[in-house]
Structure formats: structure tokens, C-alpha cells
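What follows is a single structure, written as C-alpha cells, with notes after it.
In this note's numbering, the protein residues as written are 230 to 711.
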């Protein structure tokens, strides 16, 4: 809430300065859905920041207590990975479903009611999922936890899709990547702060307390907390979010009216390239996130505390990377930054490739920091490679979303943004399973896992270079003329 207050003050100041400059220039105003002429306003941004922050907190807030929660309600520990994975499946479905809902409501409801109704509906879905998660303790049903996490995934996926689609509809193209980076900063912050919120509830203890006959303990408290937050978010959104967008954000050509995605004709090649780059970044990050903990503890004999500190550092580095995008977009073209993210990803993946055992005897000394005699992955390579992939992921994610939005051009972007985020959810769902399997096949050496990541990054870079012109967006006016 301190972040909310700070951002609210900041954007009120920015709005005042912007309106003053516009008035001094030629009095040009921003066209909105209802046909009125109003000043450009970003007063909705603080609401978006808080909403997406807590939507992402909902993913990681239960991580410290999920395993004991399942045990308490007589769930098998082997059920844990499925409960974690179903969240990403829910994200994938929610991204497309709420993207379609956003487009439909944008077309059918007058003024800014469409985006507002879509947003509030999505938040209420999160409230339902949180209520089911908390109630699973009373029913002693692990399957309730499973479906609750799926519904919460629907919320998070839908929230990201609606906010990104609305940002693309309300913001001029030259500022989309910058504001996408700012929005993504709160996404990263939510994932980082989630376990901190969850750890705070451990003070309640397993016995807990009772409120109006409702038992609350350290395991179901995160569900009640997110339930309360979602209800407050729905109220604040209904009061503070006007939902107005530019006129061309819902303009569709006659040829595209029957298309489920709506909007003007787009560069199919450019969209496909963006989707592939998005997939590659998410796959690489999912692999790193999955195998880093067991790898560091097995090869370097790290303690869980040391691994936790590594991920804390990764969170800080991710925030720094997301903030860098915000400022670099003012100096460089989005396409240049997109290629840069792929180069960084290639460098990080190559550094994390271990030499197979059959080559190790010919390689001589493996390095001074690798404690496992079977590995040639020295500690300095591990840390630098880990840092580079950590930087490449938020960097590439933010820039790719910005490029994707600009390639889409005018018209409703809800379904397309849903498809984009669903593509990112696929490697998050399947990546951990494939990463562990590949690691086990080669006896805990990394050349298959990060070799595949390297090949994917190189393919994405080659495709991006070959079709770079397809990633250059035409202006809204030019695209509408076409």
C-alpha cells in the first residue's frame, strides 16, 4: 500500500505536467471510447500495479506452507508437484478466456465499462479460488486445494492479459514497452514478496485461532488473506478504474469483424516470431528455476539457506533488469533490445553447459570451484550463467510484449495478449518435468538441459534477424490506412 501511495502521487504529478505541456502546444486531446476529448491520463496505473502485484503474490504466498497443508488434510506428498503445476495450466486457460472476454466486452459495452467489467470479473474469480483454498482445511480434501490453485491460476493469467491488453489500448505506441516494463516490475516483485507474506503467517501456528466460528491457522491463513485482498481490489477497481481507451483500440476492419481476435490485419510472421521468442525465454527460465536448487546442493554442497540467498539475489537482479528496460527504451529501438536479450540468453546458457563425462578425461583439471568430481561446471561459470539468464528473462519478456503489442497495431488485443501469455505458461507447466528428466538421463550433468536452451535461443536469434522488418511496427495511422 506504500507502493500504491507512492505511485499514485508520482502519476498525478506526471499527469499534471503532461497536461500543461499539451495545453501549451496545440490543445490536442486523446480520443476515448465515448468520443469525448480528454487529457491523457495514467491515473489507472497505480490500480493496475497493486492488482497485478497481489495476483502474483497469490502464486508464491502458499509455497512455504503448501506441503504441510497437504499433509494436514491427508494429502500425499507426491500430489504436491501437480498442485504446483496446475496453477500454470490455469494461467494458460485464463489468459485466452479472459482475453476473449475483454474483446467481447470492449465491443459491446459503451464507454469504458467493458475493460472495467472484465477486470472486476477476473478479480472475483480469484476471490472464489482463494475461498476454496481456505475451505479445503475444513473439508480435508486435497482435491479442493488442487482446483483452488487452478482457479487462482485463471485469475493471474486473466489479470495479466487484461492489464496488458488495456495498456496497449490506452497508451501511445512509443510508451508501451516502457510501461510494460514498469508493470512487469510489480509482477516480479509480487513473486518475490509472496513467500515473505507466507512466512509471516507462520506466527499464527498450527493451532491458530477462531473468528466467528471460522478456524484460521498458518496453513489456510494465506487463502483468507488473498480472499480479503481480492474483495478490496474489486471495490477499488470499480471506484478508481474508468476503463477508457483510444478510439482505434476497438476499431476493426470489415474483413476482420468475423475474426475471434478482432482488429486490423496483422503481420502473421511478426506475431509468430514474437511468440517463439517469448516461449524460448520462458523455457530457459523454467529450466534454470527448476534445477538450480538440486544442482547447487549436489555439486557445490550448498545449504538450503545459501540457495535461498541465491534466489533472493536473482529477484533483485530481475527487478534491476526490468527497470533497465524502462530507461533503455528511451534510447534504443525495441527490436535492438529484443536481439540483445537473446544474445544474453545465449551467453548464459553456454556458460551453464557442462562437459560430458566422456570428454572430461581429455579436458584435464575441471576447475577449482566444482566440488563434484563428475562435473566440469566451475562455480564462477555457474554464478555468471545464472545471473545472465536471470537478466535475460525479464528483459526479453518485457521487450517482447512491447514489440508484440506494436506489431498488433490498433484494434482489440485481448485475445492476442491471452495467446501470448498462454504460450509463456506452456514451458512453465512442462519445463520442470522435462528439465528434471533430462538431468536424470545424463547423471546430473547439464549439457542436455542448457544445450537445448542454447539451441532454442540461437534459433530465436536467427529467426528474429531474418524477419527483423516484420517486427518493426507501422504507426497506428499507417496500419489503419492499410
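Just so you know, even glycine gets a beta-carbon here, dropped at the ideal spot from N, CA and C.
Under 8 Å between C-beta atoms of residue i and residue j
i           : j           : result
residue 382 : residue 427 : no
residue 448 : residue 656 : no
residue 470 : residue 348 : yes
residue 412 : residue 506 : no
residue 542 : residue 625 : no
residue 462 : residue 302 : no
residue 466 : residue 276 : yes
residue 636 : residue 500 : yes
residue 343 : residue 421 : no
residue 570 : residue 628 : yes
residue 566 : residue 552 : no
residue 682 : residue 512 : yes
residue 651 : residue 397 : no
residue 417 : residue 380 : no
residue 410 : residue 554 : yes
Identified DSSP bridge partners for residue i
i           : result
residue 438 : 445
Neighbourhood of residue i by C-beta, 6 Å cutoff - its chain only, sequence neighbours within 5 removed
i           : result
residue 580 : 610, 613 and 614
residue 490 : At residue 490, the pLDDT of 46 sits below 50, so the modelled position is not reliable; the number obtained from the coordinates is stated separately. Result list for residue 490: 644 and 645, in chain order.
residue 700 : 499, 564 and 632
residue 345 : 470 and 472
residue 536 : 522 and 525
residue 702 : 635 and 636
residue 488 : In this predicted model, residue 488 has a pLDDT of only 47, less than 50, meaning its place in the structure is not dependable enough to derive any value.
residue 653 : 507 and 511
Residue i (DSSP reduced to helix, strand or coil)
i           : result
residue 272 : coil
residue 288 : helix
residue 642 : coil
residue 510 : helix
residue 400 : coil
residue 560 : coil
residue 432 : helix
residue 474 : coil
residue 696 : coil
residue 661 : helix
residue 701 : coil
residue 671 : coil
residue 340 : coil
residue 606 : coil
residue 582 : coil
residue 370 : coil
residue 683 : helix
residue 305 : coil
residue 532 : coil
residue 523 : helix
residue 293 : coil
Distance between beta carbons of residue j and residue i, contact taken as under 8 Å
i           : j           : result
residue 547 : residue 623 : 5 Å
residue 313 : residue 375 : That belief does not hold up - the Cβ atoms of residue 313 and residue 375 are roughly 10 Å apart, past 8 Å.
residue 660 : residue 618 : Not a contact, Cβ separation roughly 13 Å.
residue 641 : residue 335 : 5 Å
residue 291 : residue 402 : Not quite, the Cβ-Cβ distance comes to about 38 Å (not below 8 Å), so this is no contact.
residue 647 : residue 328 : 2 Å
residue 299 : residue 288 : Not really, about 17 Å apart at Cβ, beyond 8 Å.
residue 363 : residue 438 : Actually they are not in contact, since the Cβ atoms of residue 363 and residue 438 sit about 14 Å apart, beyond 8 Å.
residue 359 : residue 456 : 4 Å
residue 686 : residue 509 : 6 Å
residue 317 : residue 658 : 4 Å
Cβ shell of residue i (< 8 Å), same chain only, five flanking positions each side left out
i           : result
residue 284 : 355, 384, 385, 388, 389 and 419
residue 559 : 407
residue 431 : 293, 294 and 447
residue 306 : 296, 299 and 300
residue 436 : 446
residue 520 : 664, 665, 668, 675 and 678
residue 256 : Low confidence applies to residue 256: its pLDDT is 40, below 50, so where it sits in the model is not reliable, and the reading given next is rough at best. For residue 256, where only same-chain residues beyond five positions count, there are no Cβ hits under 8 Å.
Cβ shell of residue i (< 7 Å), same chain only, five flanking positions each side left out
i           : result
residue 692 : 502 and 505
residue 620 : 546, 550 and 573
residue 394 : 328, 331, 642, 643 and 646
residue 697 : 564
residue 286 : 419, 422, 423 and 426
Residue i beta carbon near the ligand NAD (any heavy atom closer than 7 Å)
i           : result
residue 678 : Looking for the ligand NAD in the displayed structure turns up nothing, as the structure carries no ligands at all.
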